[in-house]
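Numbering (the working numbering), first residue to last: 1 to 866.
To start, the structure under review is shown below, and the notes come after it.
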């Protein structure tokens, strides 16, 4: 805290407000477990109010009262709290004598705070000291006082559970600047890193660990091994080395000398750091160069005068992510104080039987060990985040999330929906008119959906299947179940092209079964939309297919029984909820052609039942895929000519609609013109992209489908919803610019008929290592599920799903890719617990429910269906 300088008035006020205001939580969470859905408690406890007075007083007394210079505007907020406490007393303290004694102490405290700002430094020091003594006397007088509970507490949660949790939450949500060794300036540096509260610090885990348990004399260290030494800096300088420069420091201990070298980094910073005469710790791999020991780019820490280094070596040492303005030693000391003073408040109410089954250590021990492992720690397991301490913290985080999913799933089952009669005449006739046999996977999934629809609670099911696996047929079967029970069905697609594609298939089947359908698109004229909306409201239409236009006001259903959402990851939670709200708890089936890895399905779709069509129809032609480089372009053009000569059609996809000054990429608009004029003048080339009007896109697609075009130049607008059986070749330009899932979806636009089909991935070869991996995977496999797993490994879950709408929580400790097995264990335990106690109402689960509300209540709206 030394050498801070003045702390300006504005920041000082903010600093104090952090103490006096209700404790701030991270965005998206409730402010405390005590806070109900409608707002804050009507009245806080006397003890809580007292702690809000004590915190700034203790801070002011810190650093031998030097912190007094950092505090501003103490008087007004403290006097308000004192007045509030005096007003509470008659309601909170029933013993008249005790009430009078506490009121007199509060009056003394008010006198000490009154006129605080203009007082001299010496007077302020006296008042702070007496104020702290007064607070301690009031706390002693409050011992045994039973204060009234919170009206916002959930039912069946004992008051003592919330009392202890309230106390813990208050400690954990204190601003980080009040941890010993932090203060306002360092607190600001930590806040930039997202470390705003004590809890943030406790869960700011080391990024790696170094084994400094054995510190050897320099004369005894061995070449080829990672070693730790402590010595005095003899010399440090920048020296020429071949055609470059090197920063070299010479370190000496009582036995020998060692050279440390840095070939990159800020030499100016190193020169200012390595001052001759200072003691330093070095950790790195030793090598022998010209018969002298040296380390290249070792980790280092300068020891202050008199520092014994017990926290920084002779142990397994935690190494944290870099924080601007804070060195490792400072961070380590801050974390040590946080752990010593606050780890004991981390709640761990997971039932004992679950902890025993999973072999979990105590949560407080886990927090301590993960920051400062004991002498017997396993370095390899620590660095792999596989230690017992890591396992407990990871399991807790995953368990609370899956518990939220399990409760949501159980809540869905308690809602009153429609119990449909299944397997009726329409459904059976539909299956009989299909010109092909269903796969066993399709039959299995249809039965799973029928089982859901027969129950009195609403269906919430995800249907996933690879491109061409037959999801539309399965969804049609479900929609017919709704129709034969006197209800309507709606299918919502993300694009007009996909909606039109669905409608073309559905209308053909529906007409054969005597049902009426409608297509509702945003690009339609208002009179047309109003007429369709009228027919939907009167029940004339049985099945409605549309885009976001289905969500508009004025589109009301007579009786919506089933809502189907296709390519659902393109819709937000609110949009899905709006469609569902068009009916009275209708069944919901969400579909995706983007296969979802198992670990993601347990998080993003953790509250849904999942059906997978894991079998392709017989006779479906696999699409052969090959990477071509720019120098092979003439050969690619020759392949295009050969395919069109067989009366086949070709897609050529570009990443951009028009030319970009910032990107050196070909664009669809210019290339369509170039291909028609200069490359394929004898062929008919068309262009389609997302900026066209709906009517124009529809005209182009009809022309391509009607064989009026040989080549369709496009952007990713054709990623989904295009079904052209005679298209046999997909050429993707700048393929390195696309993600794996997108490449797989684009490839799925060909091979939809019985003719041999091909996908050419054009690349300039300038892509990243991950880009090359993606293209290699595309060449190797056509299995969407294997591609999805590979995409998850390359990009990670947040980027893969799109963090904003994905519903993937921002885990602090867990990594669903690394911790997939533990995620499965946590999910199994959470769902087992909720099956026994669907609302966590049993007394033994009170603490668990309280912690779940605190940690997750603001983040539970993760339903994929709204």
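Backbone N, C-alpha and C define an ideal beta-carbon position, used for all residues, glycine too.
What residue does the beta strand (DSSP E) around residue 591 start on, and which one ends it?
Taking the first residue of the chain shown as 1, we reach residue 591 at position 591. Taken as a continuous stretch (DSSP letters only), the beta strand (DSSP E) holding residue 591 covers 587–592.
For a minimum of 4 consecutive residues, which ranges assigned as the alpha helix (DSSP H) are wholly contained in the stretch 593–634?
Complete alpha helix (DSSP H) runs here, min 4: 598–601.
Using the three-state DSSP reduction, which class does residue 174 fall into: helix, strand or coil?
For this step, residue 174 is matched to residue 174 along the chain shown. Three-state result, residue 174: coil.
If distances are taken between C-alpha atoms only, which option among 391, 355, 645, 612 comes closest to residue 711?
Along the chain shown, read from residue 1 onward, the residue named residue 711 stands at position 711. Comparing Cα-Cα distances from residue 711 to each of 391, 355, 645, 612, the minimum goes to 645.
Under 8 Å, do residue 460 and residue 588 count as touching if we go by C-beta distance?
For the purposes of this step, residue 460 is taken as the residue at position 460 of the chain shown. For the purposes of this step, residue 588 is taken as the residue at position 588 of the chain shown. It is a contact, given that the beta carbons lie within the stated cut-off.
Residue ranges of each alpha helix (DSSP H) run of no fewer than 4 residues wholly in the stretch 453–484, ordered along the chain?
With a minimum length of 4 residues, the continuous alpha helix (DSSP H) runs that stay inside the stretch 453–484 are 471–483.
Considering only the beta carbon of each residue, do residue 523 and residue 693 sit closer than 8 Å?
By 1-based counting over the chain shown, the position of residue 523 is 523. By 1-based counting over the chain shown, the position of residue 693 is 693. Yes, these two residues count as a Cβ contact at 8 Å.
Just checking my contact of residue 396 with residue 363 at CB under 8 Å: how many whole Å lie between their CB atoms?
Along the chain shown, one-based indexing puts residue 396 at 396. Along the chain shown, one-based indexing puts residue 363 at 363. Yes, residue 396 and residue 363 are in contact; Cβ-Cβ is about 7 Å, under 8 Å.
Which one of 651, 88, 171, 668 has the shortest CA to CA distance from residue 51?
Within the chain shown, numbered from 1, the residue matching residue 51 stands at position 51. Nearest C-alpha to residue 51: 171.
Assuming residue 280 and residue 301 make a contact with CB atoms under 8 Å, what is their CB distance in whole Å?
As a first step, residue 280 is located in the chain shown; it is residue number 280 there, counting from the start. As a first step, residue 301 is located in the chain shown; it is residue number 301 there, counting from the start. 7 Å between Cβ atoms; contact.
Return helix, strand or coil for residue 247, following the three-state DSSP convention.
The residue you call residue 247 lines up with position 247 of the chain shown. Correct three-state label for residue 247: strand.
Nearest-angstrom Cα distance between residue 640 and residue 650?
On the chain shown, position 640 is the one that residue 640 refers to. On the chain shown, position 650 is the one that residue 650 refers to. Looking at the two C-alpha atoms, the distance is approximately 7 Å.
Determine the extent of the alpha helix (DSSP H) in which residue 712 is found, giving its start and end residues.
The residue given as residue 712 occupies position 712 in the chain shown. It is not in any alpha helix (DSSP H) - residue 712 instead sits in the beta strand (DSSP E) that spans 711–714.
Three-state secondary structure (DSSP) at residue 99?
By 1-based counting over the chain shown, the position of residue 99 is 99. In the structure shown, residue 99 sits in a helix (DSSP, three-state: H, G or I).
Would you mind stating whether residue 750 and residue 613 have Cβ atoms separated by less than 8 Å?
Here the question's residue 750 lines up with position 750 in the chain shown. Here the question's residue 613 lines up with position 613 in the chain shown. Their beta carbons are not under 8 Å apart, which means residue 750 does not touch residue 613 by this criterion.
Can you name, in chain order, every residue of its own chain whose Cβ lies under 7 Å from the Cβ of residue 130, other than the five neighbours on each side?
As a working note, residue 130 is residue 130 in the chain shown. Cβ neighbours of residue 130 beyond the five flanking positions: 112.
Beta-carbon separation of residue 299 and residue 310 under 8 Å?
Translated into positions along the chain shown, residue 299 becomes position 299. Translated into positions along the chain shown, residue 310 becomes position 310. Result no, Cβ atoms of residue 299 and residue 310 do not sit closer than 8 Å.
Can you say whether residue 168 is buried or exposed, counting buried as having 16 or more other CB atoms within 10 angstroms of its CB?
As a first step, residue 168 is located in the chain shown; it is residue number 168 there, counting from the start. Counting Cβ neighbours within 10 Å, residue 168 comes out buried, since at least 16 surround it.
Return the first residue and the last residue of the alpha helix (DSSP H) that residue 759 is part of.
Counted from its first residue, the chain shown places residue 759 at position 759. Residue 759 -> not in any alpha helix (DSSP H); beta strand (DSSP E) instead, spanning 757–763.
So the candidates are 264, 272, 718, 607; which of them puts its Cα closest to the Cα of residue 499?
What you label residue 499 is simply residue 499 of the chain shown in a count that begins at 1. Residue 499 has its Cα closest to that of 718, out of 264, 272, 718, 607.
Can you look up residue 351 in the DSSP assignment and give me helix, strand or coil?
As a first step, residue 351 must be located in the chain shown, where it is residue number 351. Residue state, collapsed to three classes: coil.
Could you tell me the distance, in whole angstroms, from the CA atom of residue 244 to the CA atom of residue 266?
Within the chain shown, the letter at position 244 stands for residue 244. Within the chain shown, the letter at position 266 stands for residue 266. C-alpha separation (whole angstroms): 14 Å.
Per DSSP, what kind of secondary structure is residue 667 in: helix, strand or coil?
Mapped onto the chain shown, residue 667 falls at position 667. In this structure, residue 667 counts as strand in the three-state DSSP scheme.
Under 7 Å Cβ to Cβ from residue 110, same chain only, skipping five residues before and after it: list those, please.
The residue you call residue 110 lines up with position 110 of the chain shown. Hits under 7 Å: 79, 82.
Which class does residue 815 belong to by DSSP, given the choice of helix, strand or coil?
Within the chain shown, numbered from 1, the residue matching residue 815 stands at position 815. Here residue 815 sits in coil by DSSP.
Flag this pair as yes or no: are the beta carbons of residue 383 and residue 208 separated by less than 8 Å?
Residue 383 sits at position 383 when you count from the first residue of the chain shown. Residue 208 sits at position 208 when you count from the first residue of the chain shown. Going by C-beta atoms, residue 383 is nearer than 8 Å to residue 208.
Closest by CA to residue 668, which one among 432, 687, 226?
The sequence position of residue 668 within the chain shown is 668, counting from 1. Ranking 432, 687, 226 by Cα distance to residue 668 puts 687 first.
What's the C-alpha gap between residue 787 and residue 331?
For the purposes of this step, residue 787 is taken as the residue at position 787 of the chain shown. For the purposes of this step, residue 331 is taken as the residue at position 331 of the chain shown. Going from the Cα of residue 787 to the Cα of residue 331 covers about 41 Å.
For the beta strand (DSSP E) holding residue 728, just list the boundary residues, first then last.
Numbered from its first residue, the chain shown carries residue 728 at position 728. Here the beta strand (DSSP E) through residue 728 covers 727–732.
Which runs of the beta strand (DSSP E) spanning at least 3 residues fall entirely within the stretch 276–317, listed in chain order?
For the stretch 276–317, whole beta strand (DSSP E) runs of length 3 or above, ordered along the chain, are 279–289, 292–296, 299–303.
If contacts are defined as beta-carbon pairs under 8 Å, then residue 520 and residue 546 qualify, I think. What distance do you get, rounded to the angstrom?
On the chain shown, position 520 is the one that residue 520 refers to. On the chain shown, position 546 is the one that residue 546 refers to. Correct: roughly 4 Å between the Cβ atoms.
Give me the Cβ distance between residue 293 and residue 218, rounded to the nearest whole Å; I'm assuming they're in contact under 8 Å.
Here residue 293 corresponds to residue number 293 of the chain shown, with the count starting at 1. Here residue 218 corresponds to residue number 218 of the chain shown, with the count starting at 1. About 7 Å; that satisfies the 8 Å criterion.
Under a Cβ-count criterion, where at least 16 other Cβ atoms within 10 Å of its own Cβ denotes burial, should residue 654 be classed as buried or exposed?
The residue labelled residue 654 in the question sits at position 654 within the chain shown. Burial call: buried.
Output the boundary residues of the beta strand (DSSP E) element that contains residue 211.
Your numbering for residue 211 matches position 211 in the chain shown. Note, residue 211: beta strand (DSSP E), 208–211.
Can the beta-carbon of residue 741 be found less than 8 Å from the beta-carbon of residue 791?
Against the chain shown, residue 741 aligns to sequence position 741. Against the chain shown, residue 791 aligns to sequence position 791. Yes. Within cutoff.
Does the Cβ-Cβ distance between residue 442 and residue 474 come in under 8 Å?
Residue 442 sits at position 442 when you count from the first residue of the chain shown. Residue 474 sits at position 474 when you count from the first residue of the chain shown. Against a cut-off of 8 Å, the Cβ pair of residue 474 and residue 442 comes out as a contact.
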